[in-house]
Every structure is written in structure tokens, then in C-alpha cells.
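Notes for the one structure printed next.
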Amino acid sequence: MSRVLVIGCGGVASVAIQKCCQADEVFTELCIASRTKEKCDALAEKLRGKTKTVLTTAKVDADDVNQLIQLINDYKPDLVMNIALPYQDLTIMDACLACGVNYMDTANYEPEDTDDPQWRAIYEKRCKEEGFSAYFDYSWQWAYRKKFEDAGLTALLGCGFDPGVTQAYCAHALKHEFDQIDTIDILDCNGGDHGYAFATNFNPEINLREVSAPGSYWENGHWVEIPPMAIKREYKFDQVGDKDMYLLHHEEIESLAKTIPGVKRIRFFMTFGQSYLDHMRCLEDVGMLSTTPIQYNGQEIVPIQFLKALLPDPASLGPRTKGKTNIGCIFTGVKDGKEKTYYIYNVCDHQECYHEVGSQAISYTTGVPAMCGALMMLTGKWIRPGVYTVEEFDPDPFLEALDRYGLPRSESHDPELVD
Ligand code: NDP
Numbered sequence: 007m008s009r010v011l012v013i014g015c016g017g018v019a020s021v022a023i024q025k026c027c028q029a030d031e032v033f034t035e036l037c038i039a040s041r042t043k044e045k046c047d048a049l050a051e052k053l054r055g056k057t058k059t060v061l062t063t064a065k066v067d068a069d070d071v072n073q074l075i076q077l078i079n080d081y082k083p084d085l086v087m088n089i090a091l092p093y094q095d096l097t098i099m100d101a102c103l104a105c106g107v108n109y110m111d112t113a114n115y116e117p118e119d120t121d122d123p124q125w126r127a128i129y130e131k132r133c134k135e136e137g138f139s140a141y142f143d144y145s146w147q148w149a150y151r152k153k154f155e156d157a158g159l160t161a162l163l164g165c166g167f168d169p170g171v172t173q174a175y176c177a178h179a180l181k182h183e184f185d186q187i188d189t190i191d192i193l194d195c196n197g198g199d200h201g202y203a204f205a206t207n208f209n210p211e212i213n214l215r216e217v218s219a220p221g222s223y224w225e226n227g228h229w230v231e232i233p234p235m236a237i238k239r240e241y242k243f244d245q246v247g248d249k250d251m252y253l254l255h256h257e258e259i260e261s262l263a264k265t266i267p268g269v270k271r272i273r274f275f276m277t278f279g280q281s282y283l284d285h286m287r288c289l290e291d292v293g294m295l296s297t298t299p300i301q302y303n304g305q306e307i308v309p310i311q312f313l314k315a316l317l318p319d320p321a322s323l324g325p326r327t328k329g330k331t332n333i334g335c336i337f338t339g340v341k342d343g344k345e346k347t348y349y350i351y352n353v354c355d356h357q358e359c360y361h362e363v364g365s366q367a368i369s370y371t372t373g374v375p376a377m378c379g380a381l382m383m384l385t386g387k388w389i390r391p392g393v394y395t396v397e398e399f400d401p402d403p404f405l406e407a408l409d410r411y412g413l414p415r416s417e418s419h420d421p422e423l424v425d
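Heads up: take any position in the sequence shown, counting from 1, add 6, and you land on the working numbering.
As C-alpha cells, this is what we get:
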């Protein structure tokens, strides 16, 4: 029996909410709150009669802490699931602290305005000290640790697939497969085809920022940063086939470098087709990925936001996308004094996701872990005062929930390694 407040009603949230409604014995009451209330109403309407979960909706601007506090105090949830955008992480955490409610999200904080001088000063110091230049990092949310501990509240960060499930795979490998993990390669393959020359699978602004940034990896205790897309490998993915993949910076590397004892190297690779890369490079060259506002015909326009308005809505890709995703982690290390390798991954079919919940596999592979993370918190399995990433909790009940709710694991003890 629990009351949950979900903030956001985009591609990922709509999957998470539908999955929560499949577990209506735990998610007994759920409020969907977002900036555009009509989207929340439409989803609640779609689910009416199909679940015992009692659904309500609300309008909220999650950039406004006072609005959030009022909504949380009115609804009195046991948990707030932040599935809006990373820009809202801190305001929602502040509101949860003010109201005494547990918190979770699917992506770590980054600011909407990367030209804000106050933020920029802290960012530039961090780039120098840490050695990676991505706009997002955990420092902002880890700074809330003591506040959550003192309040006796739990904050679970980054509980999607990557970050999220990939970290649970690491915790699983450490618990069941290795005495010592030496290297981790996280491989994110999307073998889906939506038929457009260019579209992003989730929020274009967040996606394009991530992909156009320099890549970096963790090696021997420090970050190595490289130009965007400078390291390319080819890999044969189970049920997808051969794909080109590129090394990217990714947020879970930062936490895994701290939580996996003695790990020597952590890399993250994502597959991209040539058409996607050509379009992105061109858009970047002409300034369309910029977050700096420009004046156009007397109106202020943020180029990347204008681009978002032109691109297909990721939520609309569902019916068109065919093929599979394959996301997982390859480990090398030692067990009982012997060197070994291990690969754990999930394969997800875009069309099967569409038939089940009306969206493609990228939203599905993020929304299902968000729901399973919430399930862990609401059933008391992942409750510990403080701010935590997924690998800091017991992976067993979470991976069992993923197996059950649509993202079953596959394993190999003799995988092809990435050189
Ligand atoms: P969408 O853009 O589809 O949805 C975002 C939702 O948040 C929309 O409903 C939007 O409202 C709402 N929103 C935005 N700003 C506000 C605000 N100020 N107040 C209230 N609501 C707001 O994004 P996705 O569903 O693709 O992504 C959701 C999250 O999941 C993101 O943080 C993304 O980074 C993360 N993600 C994580 C992954 C992982 O594996 N860990 C993978 C993919 C995504 P409106 O409809 O009005 O725009």
C-alpha cells in the first residue's frame, strides 16, 4: 500500500507509470504531475479500468520549489519519482527534504543554462580537479548526502538502464562472479531503425548534449578525456549483429570508480549509425546544439530548444521503430585466484515494447528500471538514509524484479572482449 508522486509525463515516465500500474498491489495510489497537465490526463485516461491503482493528475512547474512543496504536502506521497529532466533534480530534492519524503530519479543533475556564471565557476573548477568536462556530474547531488541522512530519508540516483541497471549488473558481478573486478566495459547498443534520417530516442536536448561532448574513461585512478567520438570499436551484439560503437563519457563511470574497489578501468560505448553522426556534426557546426540564447526577429531563441521543436517527438517513434536494443556490461577480473571474464546484458525488442506500452525500447528500458527501483524503495529493500547510486544496494531483488517486469538478463562466461 503506497502513494507515489511521479513528476514528468514524457516518454520514460509514461512507461514507468504504466509498469507501476501493473504492480497495483504495491502502487495503490499514484499522482502524475507535470508541466503540461493534458499529457497526464491523457495517460490517466488510457489506464482507467486497466489497473487498480488510483490515479490522479496535477499541474506543477518543477523548477519552482514552492509549487513542489505545496503539491507534495497536498498529496502526501511515500515517494517522489522524478522522471522530468535532470534540470529539476535539485529543486525536487529540496522539496522532498522540506516535506520529509523519499526521492528517486533517472539522471544526474545538469543545469539548463550552462552559461550561468555562478554554475560555470564551479564547473570549471571541477573540470580542472577531476579531469572530465561533461556538464553533468554527481557532485551536486552527493552534496545532499548529510541532509538526507539527517532527515532519515533515502535518495536513489540514476535508476534507469544506464545509469541504473548497468550499476546493478556491476554490483551483481561483484557479489556473485568476482573477488576482484579489474575492468568494466559498458556497452549500449541500439539496433533499432525508426526510418527517419535523424531523430533522438529520448529528450533531444539531453541526448545531443551527451553525445556531442568529449568522451572520457577511468583508468588507473584518474580520468582520460578524448575528443568526441575519437575511439571507435566494432562489436557483434547478441540478437542485433555487428555495430560500430564509440566511447562516451557516461555518468555511472563516476560513481563506479568510487564504489567498485580496486577497479582499474571503466569505459562506456554507445552504438551510432553514420547518418546520425553526420547530422549531429552538421548541426553542431552550424550552432544548432548551442544552449546560448540568440535574438531572432526580436525574439529570444535557444538553438537546441528550437531544434527540439523541429525533431520528431521521441514518444512518437514507437510505432516506427523496429529492431532490438542490447545493453550490458563486460567484466574482467579474478575469482578464486583465477582470471575470468563475464558479460551480463539485456536484449529488448522495440516492437514488443510498443505493443505492451505504446513506446519504443529506449523509453521502456529506462521506465521499467525506474518502476523497479521505486518498488525496491516502497517495499523497504532499498531504504537507507542518505543519497545513493544503484550499485550501493543489494542487486538481487532488483534484478529479479527486472526479470519479472520485462527486462530479463542474459549472461555469457566467455564473451568477446573489447580491445
Ligand atoms: P521527455 O522530454 O520525454 O519528458 C520530460 C517530461 O518532464 C515531460 O513530461 C515534461 O513536460 C516534463 N518537464 C520538463 N520540465 C518540467 C518542469 N519544469 N516542470 C514539470 N515538468 C517538466 O524526457 P524523457 O522521458 O525522454 O526523459 C526523462 C528523464 O529520463 C530525463 O531525465 C532523461 O535524462 C532520463 N533518461 C535516463 C536514461 C537512463 O537510462 N538512465 C535514458 C533515457 C532518459 P512537458 O510535456 O510539458 O514538456
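Glycine is no exception: its CB is placed at the ideal position from the N, C-alpha and C atoms.
Worksheet item: Do you know whose CA, among F208, E240, H256, P318, lies nearest E422's CA?
Response: E422 has its Cα closest to that of E240, out of F208, E240, H256, P318.
Discussion item. Any heavy atom of ligand 1 inside 6 Å of the beta-carbon of K45?
Written reply: Under cutoff, so the answer is yes.
Worksheet entry | Contact test: F278 Cβ vs ligand 1 heavy atom, cutoff 6 Å | Not under cutoff, so the answer is no.
Item to complete: For G14, verify whether its CB is less than 6 Å away from any heavy atom of ligand 1.
Response: Checking the 6 Å criterion, the Cβ of G14 is within range of a heavy atom belonging to ligand 1.
Discussion item. Less than 6 Å between C-beta atoms, sequence neighbours within five positions excluded: which residues of the same chain meet that for P375?
Written reply: Once the five neighbours on either side are set aside, the close Cβ partners of P375 are C165, G166, F167, G170, V171.
Worksheet item: Which of the three DSSP states, helix, strand or coil, is assigned to I192?
Response: I192: strand per DSSP, three-state reduction.
Worksheet item: When burial is assigned at 16 or more other CB atoms within 10 Å of the CB, is L316 buried or exposed?
Response: By the C-beta density criterion, L316 is exposed, having fewer than 16 other C-beta atoms within 10 angstroms.
Discussion item. With three or more beta-carbon pairs closer than 8 Å as the criterion, would you say the region 262-270 touches the region 290-297?
Written reply: Judged by Cβ distances under 8 Å, the region 262-270 makes no contact with the region 290-297, as fewer than three pairs qualify.
Worksheet entry | Beta-carbon proximity of N108 to L159, cut-off 7 Å | Contact annotation: N108 and L159 have beta-carbon atoms nearer than 7 Å.
Worksheet item: With a cut-off of 8 Å, do at least 3 Cβ pairs link the region 130-146 to the region 189-199?
Response: Contact annotation: the region 130-146 does not touch the region 189-199, with fewer than three C-beta pairs closer than 8 Å.
Worksheet item: According to DSSP, what are the bridge partners of G201?
Response: Listed as beta-bridge partners of G201 by DSSP are no residues whatsoever.
Item to complete: Would you kindly work out how many angstroms separate the C-alpha atoms of R126 and P117, rounded to a whole number?
Response: One C-alpha to the other measures close to 10 Å.
Worksheet item: Is P92 near ligand 1, with its Cβ less than 6 Å from a heavy atom?
Response: Result yes, Cβ under 6 Å from ligand 1.
Fill in: S261 Cβ short of 6 Å to ligand 1 heavy atom set
Look at S261: its beta carbon is at least 6 Å from all of the heavy atoms in ligand 1.
Worksheet item: If you pair each beta-carbon of the region 297-310 with each one of the region 345-360, do three or more pairs fall below 8 Å?
Response: Not touching, per the Cβ criterion.
Discussion item. Let me check understanding here. Comparing Cα to Cα, which of Y150, R54, Y129 lies closest to I98?
Written reply: It is Y150.
Worksheet item: Which residue from E155, A39, E31 puts its Cα closest to that of P391?
Response: Closest by alpha carbon: E155.
Worksheet item: Under three-state DSSP, which class holds A90?
Response: Coil at A90, not helix or strand.
Practice prompt. Note down, in chain order, each residue of its chain lying with its Cβ closer than 6 Å to the Cβ of G14, except the 5 sequence neighbours on either side.
Written response: Closer than 6 Å at the Cβ level, and outside the excluded window around G14, lie S40, I89, A90.
Discussion item. Once the 5 residues before and after M235 are set aside, which same chain residues still bring their CB inside 6 Å of it?
Written reply: Hits under 6 Å: Y252.
Worksheet item: For ligand 1, is there a heavy atom less than 6 Å away from the beta-carbon of P210?
Response: Not one heavy atom of ligand 1 sits closer than 6 Å to the Cβ of P210.
Discussion item. Short of 6 Å in beta carbon distance, which residues of its chain neighbour F275, apart from the five on each side in sequence? Order them along the chain.
Written reply: Within its own chain, the residues whose Cβ lies closer than 6 Å to the Cβ of F275, once the five positions on either side in sequence are excluded, are L193, M251, L253, listed in chain order.
Item to complete: Could you tell me if the beta carbon of P318 falls within a distance shorter than 6 Å of some heavy atom in ligand 1?
Response: It does not: the Cβ of P318 is nowhere closer than 6 Å to a heavy atom of ligand 1.
Worksheet entry | Proximity of V10 and L36 at Cβ, strictly below 7 Å | Going by C-beta atoms, V10 is nearer than 7 Å to L36.
Worksheet item: With respect to the alpha helix (DSSP H) encompassing M99, which residues constitute its N-terminal and C-terminal limits?
Response: Run containing M99: 95-105, per the alpha helix (DSSP H) assignment.
Worksheet item: Within this structure, are the beta carbons of N332 and F243 separated by less than 7 Å?
Response: Yes, these two residues count as a Cβ contact at 7 Å.
Worksheet item: Quick check: the region 57-75 against the region 23-31, are there 3 or more CB pairs under 8 Å?
Response: As far as the Cβ criterion goes, the region 57-75 touches the region 23-31, which means the pair count is three or higher.
Worksheet item: Is the Cβ-Cβ distance between G343 and D188 less than 7 Å?
Response: Going by C-beta atoms, G343 is not nearer than 7 Å to D188.
Item to complete: Leaving out five residues on either side along the sequence, give the residues of the same chain with a beta carbon under 8 Å from the beta carbon of D67.
Response: Taking C-beta separations shorter than 8 Å and ignoring five residues to either side along the sequence, the partners of D67 in its chain run R41, Q73, following chain order.
Practice prompt. Grab me the residues of N79's own chain with a C-beta within less than 8 Å of its C-beta, minus the 5 sequence neighbours each way, in chain order.
Written response: Shown here for N79: same chain residues with a beta carbon closer than 8 Å to its own, the five before and five after excluded, namely C105 in chain order.
Item to complete: Keeping to the same chain, check which residues put their C-beta closer than 8 Å to that of T34; ignore five residues upstream and five downstream.
Response: Here T34 has M7, S8, R9, K58, T59, V60 as same chain residues with Cβ atoms under 8 Å from its own Cβ, once five neighbours each way along the sequence are excluded.
Discussion item. In the DSSP output, which residue or residues are listed as bridge partners for S416?
Written reply: Looking at the DSSP assignment, S416 forms a beta bridge with Y351.
Discussion item. Taking 6 Å as the cut-off, is the C-beta of T120 nearer than that to any heavy atom in ligand 1?
Written reply: Because no heavy atom of ligand 1 lies under 6 Å away, the Cβ of T120 does not count as near it: no.
Worksheet item: Excluding the five sequence neighbours on either side, which residues of its own chain have a C-beta within less than 7 Å of the C-beta of G334, listed in chain order?
Response: Closer than 7 Å at Cβ, skipping near neighbours: Y175, L193, Y349, I350, Y351, N352.
Item to complete: Note the first and the last residue of the continuous alpha helix (DSSP H) segment covering M382.
Response: Annotation for M382: the continuous alpha helix (DSSP H) segment containing it runs 367-384.
Fill in: A64 vs L85 beta-carbon contact at 7 Å
A distance of 7 Å or more separates the beta carbons of A64 and L85.
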